[in-house]
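Take the sequence shown: its letters are residues 1099 to 2786, numbered as in the numbering used here. All C-beta atoms in this analysis are idealised placements derived from N, C-alpha and C, irrespective of residue type, glycine included. Computed from a prediction, not measured in an experiment: that's the story for all the values here. Data first, discussion second: the structure below is written as structure tokens.
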Amino acid sequence: MAADLEAEVQAIDKSLLECSAEEIAVKWLQANDLQKEVYQHLAYYVPKIYCRGPNPAPQREDMLAQHVLLGPMEWYLCGEDPAFGFPKLEQANKPSHLCGRVFKVGEPTYSCRDCAVDPTCVLCMECFLGSIHREHRYRMTTSGGGGFCDCGDTEAWKEGPYCQKHELNTSETAEEEDPLVHLPEDMVARAYNIFAIAFKYAVDILTWEKENELPGLEMIEKSDTYYCMLFNDEVHTYEQVIYTLQKAVNCTQKEAIGFATTVDRDGRRSVRYGDFQYCDQAKSVIVRNTSRQTKPLKVQVMHSSIVAHQSFGLKLLTWLGSVIGYSDGLRRILCQVGLQEGPDGENSSLVDKLMLYDSKLWKGARNVYHQLFMSSLLMDLKYKKLFAIRFARNYERLQSDFMKDDHDREFSIADLSIQIFTVPSLARMLITEENLMTTIIKTFMDHLRHRDIQGRFQFERYTALQAFKFRRVQSLILDLKYVLISKPTEWSDDLRRKFLEGFDAFLELLKCMQGMDPITRQVGQHIEMEPEWEAAFTLQMKLTLVISMMQDWCALDEKVLIEAYKKCLTVLMQCHSGFTDGEQPIVLSMCGHSVETIRYCVSQEKVSIHLPVSRLLAGLHVLLSKTEVAYKFPELLPLSELSPPMLIEHPLRCLVLCAQVHAGMWRRNGFSLVNQDVVQQNNTLIEEMLYLIIMIVGERFSPGIGQVNATDEIKREIIHQLSIRPMAHSELVKALPEDENRETGMESVIEEVACFKKPGLTGRGLYELKPECAKNFNLYFYHFSRAEQSKAEEAQRKLRRQNREDTALPPPALPPFCPLFASLVNILQSDVMLCIMGTILQWAVEHNGYAWSESMLQRVLHLIGMALQEEKQHLENLSEENVVTFTFTQKISKPGEAPNNTPSILAMLETLQNAPHLEVHKDMIRWILKTFNAIKKLRESSSSSPVAETEGNIMEESSRDKDKAERKRKAEIARLRREKIMAQMSEMQRHFINENKELFQQTLEELDTSASGVHENSPVISDAKLTALGPEQTRVAEPRQVVMCILCQEEQEVKVDSRAMVLAAFIQRSTVLSKNRNKITPDPEKYDPLFMHPDLSCGTHTGSCGHIMHAHCWQRYFDAVQAKEQRRQQRLRVHTSYDVENGEFLCPLCECLSNTVIPLLPPPRVLFNRLDFSGQSNLTQWIKTVSQQVKALQLLRNEDCASHSGHSEKMDQLQLPEGFRPDFKLKNPYSESIKEMLTTFGTATYKVGLKVHPNEEDPRVPIMCWGSCAYTIQTIERILADEDKPLFGHLPCRQDDCLTSLTRFAAAHWTVSSLSAVQGHFCTLLASLVPNEKNGNLPCILDIDMFHLLVSLVLSFPAIHCQDFSGVSLGTGDLHLFHLVTMAHIIQILLTSSTEENGMDQENTNSEEEVAVLTLYKFLCQCTGSALKEISSGWHLWRNLKAGIMPFLRCSALFFHYLNGVPAPSEIQVNGANQFEHLCSYLSLPNNLTCLFQENSEILNTLIESWCSNNEVKRYLEGKRHAISYARESNKLIDLPDDYSCLINQASNFSCPKSGGDKSRAPTLCLVCGTMLCSQSYCCQTELEGEDVGACTAHTYTCGSGVGIFLRVRECQVLFLAGKTKGCFYPPPYLDDYGETDQGLRRGNPLHLCKERFKKIQKLWQQHSITEEIGHAQEANQTLVGIDWQHL
């Protein structure tokens, strides 16, 4: 980089570098006309510095601009070297008590739900951490960019407005002193001069519209250099822009992506540089290509000097912003300069000019000047007010510009309203002085011009453009909300007047909405096009909150409330004038009452659901009661003028409409009457009417209607939501009504009504209703939907049955009404109501008489219950002089009048309680009768004259007894029937068993054998010492293994010569154990994997779901999957969750992702073992013999290569070891089908492990098979060790089966490989420990993973042993190989052990082990030429050695257990003491491992010397290279912080590494290595195997060999990726206090790390289950398959 700059600097015009800022500033100081001087300077130099070629060079430009252009201004301003001047200013300045930090995109912001005045008041992370709010209920969100931190603003916080950092700045300053006093006078003058010129220059050049000349900056020579400038809009997609650019300026796709990214970020970018014609040609291509569907992309051809000046103009604005940061005085001067009226009067100040030009500027320019406004005007309290006034006066114009603007609101100056209108004092001031409320509403109305004849809004057939405008207009409602959000505490007359003026305007708006979008029910012909309803609906929904905020304002002042009420009533009258037009009133009569009304048929006439004026009046009416204005000043209110029929007419029509919709009368408009039962519809309408009465009388939980407070209301909501089912916190919040601050008030009361149950490893925490709250349950709660009501009813009845209570759900006792509404209860005892109740009960009694429904009856019973509860409360609260006017009980006891003489309601209830068809309602009727009797007793006790006793009581008692007896009798009959049936069944069973005796015997025997067939460990030899290998190996009788195929359900025994049985398996490359993720993977074609490096940088892991199939069944199944895939591909191009081309398929039983199969084999070593009749050789002799055999083989092989003739003579010349027959060919014992499967699995391992094409002849195939066996055992040993589980006895059977099959397969695979290749491998492997002259250049002992070496040696040894007839058994070889590798590992551990003799309390026991290990260590010191550290404590060495070798011994135990089938001793199956000793005995090792060296010292001393003499070992000991030390630490996922906001902060500081310091949009954290990546964006795409992939996918290949686990920080979501086509989202390990995750950070509750859930993710990773997890997720959710995971 530095070198590049040097070269650039040399190329720069010398004259530019020779400019001296100081000299120019001095010249300026002496100038008469400063503006002219500065402009000349800029006119000359700016085009020389900026825009010198096709590609921008920001570093060079910035450096020169600072030197030549800004430098002189800084000198001029300071009057001295700015390097001294600015720090002086900073010192003299009093630091601001406002924070004012402007948020970047994605930066975390915090709001306090307890103290913020409204939800827009936020703190930056730094202020938040230093404030009192971090202990409160805070909400965390990520900023969309553009707002700023409100710390220090006393109007934003109810308490704690300052954090610790800004508190210091508030103490001593007197309020409102002029900051200019801290500046020297001459500096003030200079600042005015230079600020005025710089600011004016920037504004002029940015708002300049001519393309060929400049404002006051004439060029000296005018060149023909132009730019073709492409501008951003929000209409065209990235793809369209990229495609168009490639055609227009024939660039590569990469360049086009670069252009598009810059255009999107900065708002414009030049795409071509050259003469006018050249640029114009590109412009026309772009316009032509993008104008087909939409308006074309905006392109301009601009002269290079204009672009240059504009670039510098922006630079100047940024510079001004940074300079005023040094001093409040300078900030004040800039504000004055900006707001100073120009010569043209209104709107001529620089700030006005910029604001009004906003929608024509490009994104980058807007961002720069908005930032400047924020750091200047909004940070200076005096000028914030003046700016607010300018903003309010230009409000209409700014909004109109925004409507036409092609940018989103966040880039528009209109968005600053949130910074101004939410400040309470400013909002009040703007309402009173600038009439802001009226302005906003009027502006809003102006944009909705479509009206019908009555002047109501009309949204018919909205075009796309109108819909777009309508979305824009809604932001005005938001502004209105901001203005109203903080309520005034004291009212001035001005405020009252202006508020009521605004209220008038608001009523005008509502008047245009009252009755808009009326609809008519269509009968006969079906409507094809649904009328446009969405716009009106959206408008109504958006205004709901504003209506309630208006009401809140009115409630605060009695005068305002009275005026508002009157105004609202007047407007409602106007809306209704002429609603009886020409209608003849009709008279309705019922039970002696009659009423005059007009006929209105909702099912035929027009009806509208939009009645905001009625809603507003209803709200104000309640406030009259709540604020007691109705009782204090009744004379001021027009209550006497109210005409109830007129007020309720429209709401009632709306309710009838809803009832008709419920009755299905509006379904599929036009076909509604065909095939529909009119009686059924009428029933539904009656039910709905009864429900309406229940609501009118029963819903009194709003303060002002009933005598309750707000917490009672919210409690009741919660109780009813939790009556449906237990709910998570977020569900509850969603279900509860919110106020304008998005608060529900739930937290304050939830503890009283519910208990919280914490979540487990999955799921979320739930609130459950406390049992004592169930009595408040009301079945007809008005916020229940139909479905919720029936769920709640079911849940409550079930609960009561569990508690052995009766299942009645009686209406709860209700709070009393407020006086204004008190007369409502009389509806319940009115004659008409009683008549309705009586009629419906009558229908129910005459069961088949009229058409009626059970839910009608249920509602009537509920109403009767409500009336009884009401009367009971009246009686209980009775004072002396009052008479109870509510006499429901008396009225229902009276029979009907003549001539009908209907029975009384009470009598009918008694009849109904035994009606067989009303089983469900029995309990409810019984409850009613019981309550009725209780009330009668109350009446008797309160009144002295006894009322005549009705017969009800006796009837009830007797009927109750009858009922009990009846139930008892039924139960008895049922019991007898059950017993009889049971007896018959057992008799039949006995017969069946007797008849089929032989069959049963057989089955029982089979059960026995199959049980033993599964557990290979079943024949346990208990007392003998169990040994896993060597000549002393415990002999185990091999049990028969019978298994069943999941595809054809046939059973078969696993035998050498039978058809192959296979397990579904999945092989994958893995870096889970890797200690070096940065290793470059060598070219797979040439790479030799024979030795595994101990850093295990990439292994091959095999897993299986454990399901068994016949090989031929599997082959058929897989062919079918392939054929299906080919057919599917021709039909539709979607991915499946598995990739058939790579051999993947889903296990037919459990749908687990698999990509090959492992054959099941009987233990393979038994096949190749011969009897041992030679005297047991010791290690030294055995090594000699094997070395001779190896030598012979190598000679033979060389001869073979040299000539094919004279083979037999050569044989004679060789001194062959005794009994060794190298020409002997072993017959393969396996059946053809098993051999085929051995090859299949071997090739699959090779293909996946090396990422190459399958080739079964390749000599590396067996190496990969041994490697996979070793690696899989190592991963399983690590998992068990990390979880502190014992080595055996704790593996799930699928892993146990997998390891058995994998180990046996690896041991048998050499039989299908080339014998000479496997012998060659053995020779090379052995040579790494026992050097011979042939194999030089092998890795040194530090660079070999000993367990991989052991597995490969043991499994390749039979290839040599099968030609050895000297009588040495295979077991002997195993034992010697194991001892040899163990000793090499001990040396490895001692060489690398970094034994600090730390202050551990060492027990100087000097046991033999410690002495021996010290001796060995001293011998090592001799061999290495004393490069090793001196260590004197044997105790330390022995401790280190034991700890270091333990994983190796555990892996070896697993390996030999599965290889030889010797069951593990019970001591290793539990976690106990002395594991080391038990392992040694199982593996036939001495407890003192160093004895191995002493027993075989003659050969080992030479071996150790040869190991230590290797060059690499010397380099390591000299400290020139690194080596792995033992025991290797287990890999874990990275540590995550407890508090999620730390991660958000880290991510918001993360810049995209490619696009020069730009903030990343989707920062994503790799949980394996901790790298932060810029995901899901064009800028960070890279090419991988010929495809463009996103940063995450690319990272998985380097970090996890194709598998990755990421945390998407902004979404708080875990992402699993595997390969390019597989991925899924997974719940994050972060939970809020309610045990819920918050994916997408929508709720913003504080999140904390849940360790258990993180462990679960870590376990998935360690067990290699990520790919499987993705497979299951994609199978369960098809939408996941369609996502382009490779672009993330």
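Whole-angstrom distance between residue j and residue i, CA atom to CA atom
| i | j | result |
| --- | --- | --- |
| L2324 | S2414 | 12 Å |
| G2617 | T2669 | 29 Å |
| E1233 | C1213 | 11 Å |
| M1763 | H1691 | 31 Å |
| K1112 | V1369 | 29 Å |
| A1346 | Y1325 | 14 Å |
| G2471 | L2518 | 27 Å |
| W2364 | F2591 | 28 Å |
| V1685 | W1589 | 50 Å |
| S2043 | R2037 | With a pLDDT of only 42 at S2043, under the threshold of 50, the placement of this residue in the model should not be trusted; the figure read from the coordinates follows. Going by the C-alpha atoms only, they are around 10 Å apart. |
| K2516 | E2507 | 14 Å |
Bridge partners - residue i, DSSP secondary structure assignment
| i | result |
| --- | --- |
| G2201 | F2164 |
| S2649 | K2657 |
| Y1371 | Y1325 |
| F2243 | S2252 |
| T1240 | P1206 |
Endpoints, the alpha helix (DSSP H) within which residue i is located
| i | result |
| --- | --- |
| K1868 | Element bounds for K1868: n/a, residue is neither H nor E. |
| G2686 | At residue 2686 the sequence reads Asp, which differs from the Gly that was named. Element bounds for D2686: not the alpha helix (DSSP H) but the beta strand (DSSP E), E2685 to V2687. |
| A2425 | L2413 to A2425 |
| Q1894 | R1884 to Q1900 |
Buried versus exposed call for residue i [16 or more other C-beta atoms within 10 Å across all chains shown]
| i | result |
| --- | --- |
| F2322 | exposed |
| F1182 | exposed |
| W2783 | buried |
| Y1729 | exposed |
| T2777 | exposed |
| R1526 | buried |
| V1107 | Reliability fails at V1107, whose pLDDT of 45 lies under 50, so the model's placement of it is uncertain and the value that follows must be treated cautiously. Exposed, by the Cβ-count rule. |
Which of helix, strand or coil DSSP assigns to residue i
| i | result |
| --- | --- |
| Y1729 | helix |
| F1915 | strand |
| I2529 | coil |
| E1995 | coil |
| H2746 | strand |
| D2021 | helix |
| Y1698 | coil |
| Q1398 | strand |
| I2768 | helix |
| Y1148 | coil |
Boundaries of the beta strand (DSSP E) in which residue i is found, first to last residue
| i | result |
| --- | --- |
| V2140 | V2140 to M2142 |
| F2714 | Q2711 to A2716 |
| F2704 | V2701 to R2706 |
Contact test: residue i Cβ vs the ligand NAD heavy atom, cutoff 6 Å
| i | result |
| --- | --- |
| T2000 | As for the ligand NAD, it is missing from this structure, which has no ligand bound. |
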